[in-house]
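Asker: Residue numbering for the sequence shown follows my numbering, beginning at 4 and increasing consecutively.
Backbone N, C-alpha and C fix where the C-beta goes; we use that ideal spot for every residue, glycine too.
Here you go, one structure.
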Amino acid sequence: MKTKCMMATLLLLVTAVAEADLTDLVDEAVLTQIAAETSGEAAKRNLDTITLQHRMRTGSQFEAATQHIVNMLESYGLDDVRILHYAADGETMFGTQKSRPVWNVRSAELWEVADAGGETKRVRRLGDWSSVPLSLAQDSLSGEATTTLVDVGAGTTAADYAGSDVRGKLVLTSSQPGEVADLAVGEYGAAGIVSYAPNQRSAWWLEDERLVRWGHLDSFPRTKTFAFMISLGEARRLQRRMADGEEIRAGSVVSNLDPRRNYLKLMPSEVLPDDFRGDIERFKIRGSSGKLNIALDRQPRFTAIPDTAPELAQGTITISPNMEYLERGYDDWKRGTWSRRPFLDISVPSTIDPTIAPAGKHMMTVFVQYVPVVPADGGWTPEKRDAFADTVLSTIEEHAPGFRDSIVDLETRTPHELENEVGLTEGNIFHGELTLDQLLFNRPLPGYAQYRGPVKRFYMCGSSTHPGGGVMGAPGYNAAREILMDLKRTAA
Ligand SMILES: Cc1cc2nc3c(=O)[nH]c(=O)nc-3n(C[C@H](O)[C@H](O)[C@H](O)COP(=O)(O)OP(=O)(O)OC[C@H]3O[C@@H](n4cnc5c(N)ncnc54)[C@H](O)[C@@H]3O)c2cc1C
C-alpha cells in the first residue's frame, strides 16, 4: 500500500515539473506551431516546395527556394534571417568544392510533333520548364532540335548504341543525363537527351511512375548539351509506341551486315537453332586496323621517292621496311596494344584528283595495322585515340620530314569508331577474320556457305561470305544467283 502511494506521488511530481518547464520556455502559440511542424505535414509541404525547384546557384529557382525558407523562418518568429551571397564563378573553392558556374533558365519545352502537310505541328507537350522546372535537367545548355527519339536503354556503354544511329537525334535513356552525355552526344553525335532516371529510388516516393524526377548534367561538362526529364510512365508510353513501329513485310531479306550483327543483334534469338547461334557467337571477327584521314597544307615529300619519279607519289605508299618490322608490329597487337612501329598503307588521292582538296592543298588517307579492338589496359578513350594517331604521324614524319607541320586537320578511326560509326562489329573491315577455318566453303560457317542461313528467305551477301572480304562485289553476285534460283524454284 505504502509503496503504491509513493509511486503515484512520484509520477505526479515528474509530470508537473515537465509542464512547468515547457510553458516557461516556449510561448503557447509557438508550441502549437512546433507541434504542427513535427506532425510531418508541414515538413512535407516545405520539402515539396523546395524539391520541386532546381536549387541551382543564381537561378530564379534557387531564389524561390531560398525565399521560401526565409518566409517560413520568419513566420516561425525568427526576426534576424539574412541571405548571404557567395561567388558562383566556376572558380572559387569552398572547402573541397569548386563553386559551380551560373545557371539560369529562361524557357525550355519538349514537344511531340507531327508532320502535317509538310509543316511541323505540335501535338503534345512532354516537358515545360515554366510549369514543371524539373522537366529540364540541371546544367542543361541552350539548344534546339526537331528530330526523332531513339531508345538506348541505359545508354552508358557502346553496346547500347550498337545497330542504332543516334546522330542528330534525341536519345531516350534510363540513366542520369550526365552519365550518357559523353557517349550519346560526344561520341555518337546525338542532338540531346531525354531521361526518365528514377532519382532517389529508395526515397519515400519509390516507383511512382507519374513523377518527373530531378536530373542533371555535369556542371563542368566535357560534352555540352541539354536534357529533359520525363516521368517513368511517360517513358513507358513512348517506348511502347516505338516498339509498335511500322512493320515492313518483305518477300526476301538480303543483308550485307556481318553475321553477328545479322543474327545476334537484329534477329530475335528464338528464331535461331541453338547450335547455329553458338557457331555465330564463336565466329572470329576481331578487328586489327585503324584509319587516319588527313588534310594537308602541301604535298608531302617522301625521302624514298626520287625527284626524278614524282608519279610514284600518286600511287600507294607503304611503310613496311621488312618482315621483322611487320612481325614486331603484330606482336604489339597480340599483347593488346597498337603497333609502336605500324604498317602504313598511304594514299594521297588529291595528287590524281585535285578537286577533292582546295587548290594547292592535299588529302591523305592512311590505313594502319595493327590496332586492337580493345586495348589491353582498358577501353578506347580520346586520349588513347590521340596517342595512337601520334604514333602514326611520327612514323610518317620519319619518312617524310616536315610532314607534321603541313597538317591542317585530322580524323582518327580506331576499331571502336569503325564499329560505332559504320557498324563493323569489333571494327573488322572484312566482317570476320580471313583465317583458313573461315574461308571458302567455311565462310561464314560450315554448312552455311551458300548465302543462306537457317532463317527462310533471309540471305547473306556481304564480306563475311565467300569470296569476301574486300571490295569486289563477288559475294553479292553469288548471293543474287542463289536468290534467283530460289525464286525460280518457288515459281515453278
Ligand atoms: C579502313 C578500311 C580499309 C579497307 N581497305 C580495303 C582495301 O584496300 N581493299 C579491299 O578490298 N577492301 C578493303 N576494305 C574492306 C572493304 O571495304 C569491305 O570488305 C567491303 O566494303 C565490305 O562490303 P560489304 O558490302 O560486305 O559491307 P559494308 O561495305 O561494310 O556495308 C555494310 C553496310 O551496312 C550498314 N549497316 C551496319 N549496321 C546496320 C544496321 N543495323 N542497319 C542498317 N545498315 C547497317 C553499314 O553502315 C554499311 O554501310 C577496307 C575497309 C576499311 C574499313
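Taking all protein chains shown into account, do 16 or more other C-beta atoms lie within 10 angstroms of the C-beta of residue 200, making it buried, or fewer, making it exposed?
Answerer: Taking the sequence shown and counting its residues from 1, one reaches residue 200 at position 197. Label assigned to residue 200: buried.
Asker: Give me, in chain order, the residues of the same chain whose beta-carbon lies closer than 6 Å to that of residue 140; leave out the 5 immediate sequence neighbours on both sides.
Answerer: As a position in the sequence shown, residue 140 is number 137, starting the count at 1. Correct list, in chain order: 180, 218, 219, 220, 230 and 232.
Asker: Counting only runs of 3+ residues fully inside the stretch 71 to 151, write out the beta strand (DSSP E) ranges in chain order.
Answerer: Runs of the beta strand (DSSP E) inside the stretch 71 to 151: 112 to 119 and 122 to 131.
Asker: Any contact of the stretch 334 to 352 with the stretch 364 to 372, i.e. 3+ C-beta pairs under 8 Å?
Answerer: Output reads yes: the stretch 364 to 372 touches the stretch 334 to 352.
Asker: Considering only DSSP beta bridges, list what residue 298 is partnered with.
Answerer: For this step, residue 298 is matched to residue 295 along the sequence shown. According to DSSP, which records beta bridges pairwise, residue 298 is partnered with 366 and 412.
Asker: Do you know offhand how far residue 91's Cα is from residue 105's?
Answerer: The residue you call residue 91 lines up with position 88 of the sequence shown. The residue you call residue 105 lines up with position 102 of the sequence shown. Residue 91 and residue 105: Cα-Cα distance of roughly 6 Å.
Asker: For residue 237 versus residue 137, is the C-beta distance shorter than 9 Å?
Answerer: As a working mapping, residue 237 is identified with position 234 in the sequence shown. As a working mapping, residue 137 is identified with position 134 in the sequence shown. In this structure, residue 137 does not lie closer than 9 Å to residue 237 by Cβ.
Asker: By the 10 Å Cβ neighbour count, where 16 or more other Cβ atoms means buried, how is residue 223 classified, buried or exposed?
Answerer: Within the sequence shown, residue 223 is the residue found at index 220, counting from 1. Result: exposed.
Asker: Could you give the DSSP three-state label for residue 230: helix, strand or coil?
Answerer: Taking the first residue of the sequence shown as position 1, residue 230 is located at position 227. Correct three-state label for residue 230: strand.
Asker: List the endpoints of the continuous alpha helix (DSSP H) containing residue 397.
Answerer: Counting from 1 along the sequence shown, the entry for residue 397 is found at position 394. Segment 385 to 402, the alpha helix (DSSP H) holding residue 397.
Asker: Going by the C-beta, is residue 478 closer than 8 Å to any heavy atom of ligand 1?
Answerer: Here the question's residue 478 lines up with position 475 in the sequence shown. Yes, the Cβ of residue 478 comes within 8 Å of a heavy atom of ligand 1.
Asker: I need the DSSP call for residue 168, collapsed to helix, strand or coil.
Answerer: Translated into positions along the sequence shown, residue 168 becomes position 165. Looking at residue 168 - three-state DSSP - the assignment turns out to be coil, as it is neither helix nor strand.
Asker: In whole angstroms, what is the alpha-carbon distance linking residue 423 and residue 183?
Answerer: Here residue 423 refers to the residue found at position 420 of the sequence shown. Here residue 183 refers to the residue found at position 180 of the sequence shown. Whole-angstrom Cα-Cα distance: 15 Å.
Asker: Is any heavy atom of ligand 2 found at a distance shorter than 8 Å from the C-beta of residue 103?
Answerer: Absence of ligand 2 is noted for the structure shown, with ligand 1 being the only ligands found.
Asker: In the DSSP assignment, find the beta strand (DSSP E) that holds residue 155 and state where it starts and stops.
Answerer: Position 152 of the sequence shown, counted from the start, is the residue given in the question as residue 155. Premise fails: residue 155 is in no beta strand (DSSP E) and is neither H nor E.
Asker: To the nearest angstrom, report how far apart residue 292 and residue 418 are at their CA atoms.
Answerer: Here the question's residue 292 lines up with position 289 in the sequence shown. Here the question's residue 418 lines up with position 415 in the sequence shown. Those two C-alpha atoms are separated by around 7 Å.
Asker: DSSP puts residue 455 in a beta bridge; with which residues?
Answerer: Position 452 of the sequence shown, counting from 1, holds the residue named residue 455. Answer is 462, bridged to residue 455.
Asker: Thinking residue 170 and residue 192 are a contact (beta carbons under 8 Å), I'd like their distance in whole angstroms, please.
Answerer: Indexing the sequence shown from 1 puts residue 170 at position 167. Indexing the sequence shown from 1 puts residue 192 at position 189. At roughly 4 Å, the Cβ-Cβ gap stays under 8 Å, so residue 170 and residue 192 are in contact.
Asker: So residue 215 is in the alpha helix (DSSP H); what residue range does that whole segment cover?
Answerer: Walking along the sequence shown from the start, residue 215 turns up at place 212. Element bounds for residue 215: n/a, residue is neither H nor E.
Asker: Quick check: does the Cβ of residue 294 come within less than 8 Å of any heavy atom belonging to ligand 1?
Answerer: For this step, residue 294 is matched to residue 291 along the sequence shown. Yes - ligand 1 has a heavy atom lying nearer than 8 Å to the Cβ of residue 294.
Asker: Comparing alpha-carbon positions, which option in 123, 132, 45 and 80 lies nearest residue 496?
Answerer: The chain is shown from 4 up to 495; residue 496 falls before or after that span and cannot be answered.
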